[in-house]
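In the numbering used here, the protein residues as written are 2 to 289.
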């Protein structure tokens, strides 16, 4: 069971600790707004051994560049939390659930990089979902599959267990990283194919075929694509659609960096963060 503790409302929460997210947070803080950054890691940039085309550096590793950004933000008093965001909810304001706490904010900025949790074998079928909260009700008392192996999967499972009595977790060849109810069937074989026509009817692994009425995807950690599915954010070609200020079709919810496409470079990510923060500051000034 995830621990939950509702903290004081922040003006803005940035989800993602890469250049886009940290840049946005730095600008927001310098504009005088309260801001918190939440992210599990620095994303793909952590693994880049050398960057030679970013302004001011002849050569720097991705990890060093990230650390420089973190230090800059921390020197301004910005809190950077290493937590995994599992769900975002929108009512009058935003509620952000992580694997450790619950937070509230007036604005949320998605800066969590490109989707890493798509399962393309399942994409053609109509009875596939990326949101347990949205679609679990439609599969109540039915036989369903859930693909995933970590904290985000456990969160989706906790939602589905209230509606579905026959759930099989497929780790797709990975080890199970979390503790779940012993009554839940866990299949660790790799998935070879999805059986069905318009609707999937079974999952074929290396050793066995498993009949299902529906399938939920919860691979890795929740991504921008996942949040889009949960919240009804407009997407196109797997990218989040934003306006010139990087605001989505949901008021107060912004997306920047690789999530929105364009030039997938650090320089563009930093620019997105600055433009987005400036737009939020202008909105706050007009509506405070």
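Beta carbons are placed, not taken as given, at the ideal position from N, Cα and C, and that holds for glycine.
Taking all protein chains shown into account, residue 212 has fewer than 16 neighbouring C-beta atoms within 10 Å of its C-beta and is therefore exposed.
Shown here, residue 139 sits in a helix according to DSSP, grouped into three states.
Under DSSP, residue 146 takes part in a beta bridge, and its partners are 169, 216. Beta-bridge partners assigned by DSSP to residue 108: 13. Following the DSSP letters along the chain, one finds residue 272 inside the alpha helix (DSSP H) bounded by residues 267-288. When DSSP reads this structure, residue 130 sits in a beta bridge with 217.
Excluding its 5 nearest sequence neighbours in each direction, residue 206 has C-beta neighbours in its own chain below 8 Å: 171, 188, 190, 191, 192, 193, listed in chain order.
If you look at residue 158, you'll find it in the alpha helix (DSSP H) that goes 152-161.
Contact between the stretch 30-42 and the stretch 55-66 is absent, with fewer than three C-beta pairs closer than 8 Å. Beta-bridge pairing by DSSP links residue 36 to 13. Out of 276, 148, 245, the CA that lies nearest to the CA of residue 120 is found in 148. In the pairwise beta carbon analysis, the stretch 16-24 is classified as touching the stretch 99-117: at least three pairs are separated by under 8 Å. Annotation for residue 88: the continuous beta strand (DSSP E) segment containing it runs 86-91. When the beta-carbon positions are compared, residue 200 and residue 139 stay at least 8 Å from each other. Counting along the chain, residue 30 sits inside the alpha helix (DSSP H) bounded by residues 20-31. When the alpha-carbon of residue 254 is set against those of 264, 242, 65, the nearest one is in 242. In this structure, 143 is the residue among 143, 288, 220 with its C-alpha nearest to the C-alpha of residue 128.
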